[in-house]
C-alpha cells in the first residue's frame with residue numbers, strides 16, 4: 001500500500017504542452033514577455049519593473065508623469081518604448097492600456113475589495129498571485145525541462161540567503177526524499193563559494209536559487225560565482241528582470257504578498273512544489289525506490305505520530 005506521498009507522486013505527473021485556453025495570461029506575465037526580449041539598460045529595466053508593478057495605474061500616465069514616477073528623463077521613456085519594439089510612447093501606452101483593462105476584466109471580486117480589512121486584502125493579493133501563477137502554468141514546458149535538469153544534476157545545490165533561506169530549506173528537505181545528493185546553502189560569503197565550487201567539482205551541473213525581497217547583494221555574488229564555476233542557475237524570484245535574472249539560465253518569476261509587515265510566499269511555495277513534481281516525473285523509478293526506502297526507515301524509527 002503506497003504512502004499518501006507516494007500516491008501523490010504517481011497520480012499528479014505534469015503533462016507537457018499548452019492546455020486549451022481558458023483565461024488570458026495575467027497582465028504581469030504578458031508584460032514580462034513584452035519586456036524580456038531586448039537587452040535593456042539598467043534605467044530601462046527600472047521603467048519596465050515600474051510598469052510591471054503598477055500596470056493598472058501606469059498604463060494611463062502621460063510620458064511626463066511616468067518619467068517622474070520612475071525618476072528618469074522623458075527621452076529615456078521614449079528610448080525605452082523603442083527598445084521594446086514600439087514606434088514611440090503613445091503606441092506603447094496603447095498596448096499597456098489594453099493589457100491593464102483585460103486584467104481588470106478578468107479579476108474576480110474587484111467590486112467588493114474595498115470592503116476588505118487589512119488581513120483580507122493580504123489574502124486577496126495572494127489569491128491574485130496564485131491566479132497569475134495558474135495562468136503561467138498553462139504552459140508547463142519550462143517547469144518540466146528544468147525539473148529534468150535538476151533531477152540529473154548530482155549533486156544538486158539549493159541556495160537561499162537571508163529571508164529566502166526558508167524557501168530553500170523547504171525545497172531541499174523535500175528534494176532529499178527523491179534525489180540522492182542535495183546540498184543546501186543558506187549562508188553567503190566564503191561558505192557559499194566553497195559549497196558551489198565543491199558541487200561543481202563533484203559533478204553537479206545546476207544550482208536552484210531563491211531570491212525574495214529584499215534581494216541580497218550576496219545572492220547576486222553567489223550566482224556569479226556559480227556561473228564562473230560552470231554551473232547553470234535556475235532562479236525562483238519575484239522579478240523577471242534585473243541583475244539577478246541576468247545571471248540565471250532559467251527564471252521563474254511569481255508574485256509575493258506584500259500587504260503585511262513581512263512578505264508572504266504562497267505562489268513561490270506552489271512554484272517550488274511544481275519543480276519538485278517535475279523532478280519526480282523525470283525519474284519515476286528512482287522516485288519510487290527512494291520514497292519506499294524512506295517510508296521503511298521512518299516506520300522503523302517511528303519518525304511520525306500515528307494519525
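In UniProt numbering, the protein residues as written are 1 to 307.
Glycine residues also receive a C-beta, built at the ideal position from the N, C-alpha and C atoms.
Cβ-based neighbour list, residue i, same chain, cut-off 7 Å, excluding 5 preceding and 5 following
| i | result |
| --- | --- |
| residue 100 | 27, 55, 56 and 59 |
| residue 177 | 290, 291 and 294 |
| residue 130 | 266, 267 and 270 |
| residue 43 | 72 and 76 |
| residue 233 | 207, 209, 223, 226, 227, 247, 248 and 249 |
Cα-Cα separation between residue i and residue j, rounded to whole angstroms
| i | j | result |
| --- | --- | --- |
| residue 219 | residue 247 | 10 Å |
| residue 269 | residue 89 | 37 Å |
| residue 303 | residue 189 | 35 Å |
| residue 64 | residue 121 | 31 Å |
| residue 272 | residue 245 | 17 Å |
| residue 181 | residue 155 | 5 Å |
| residue 260 | residue 202 | 42 Å |
| residue 144 | residue 191 | 31 Å |
| residue 84 | residue 35 | 6 Å |
| residue 49 | residue 142 | 22 Å |
| residue 196 | residue 288 | 29 Å |
| residue 306 | residue 285 | 28 Å |
Distance CB(residue i)-CB(residue j) smaller than 8 Å
| i | j | result |
| --- | --- | --- |
| residue 171 | residue 185 | no |
| residue 86 | residue 47 | no |
| residue 138 | residue 276 | no |
| residue 51 | residue 31 | yes |
| residue 253 | residue 240 | yes |
| residue 205 | residue 231 | yes |
Close beta carbons around residue i, own chain, < 8 Å, minus the five adjacent residues each side
| i | result |
| --- | --- |
| residue 212 | 163, 164, 167, 237, 238, 256, 263, 265 and 268 |
| residue 82 | 88 |
| residue 67 | 73, 74, 76 and 77 |
Three-state secondary structure assigned by DSSP to residue i
| i | result |
| --- | --- |
| residue 253 | strand |
| residue 77 | helix |
| residue 221 | helix |
| residue 29 | helix |
6 Å CB neighbourhood of residue i in its chain, flanking five on each side removed
| i | result |
| --- | --- |
| residue 151 | 279, 282 and 283 |
| residue 112 | Confidence is the limiting factor: at residue 112 the pLDDT is only 43, short of 50, which leaves the residue's position unreliable, though a coordinate-based value still follows. Cβ within range, chain order: n/a, list empty. |
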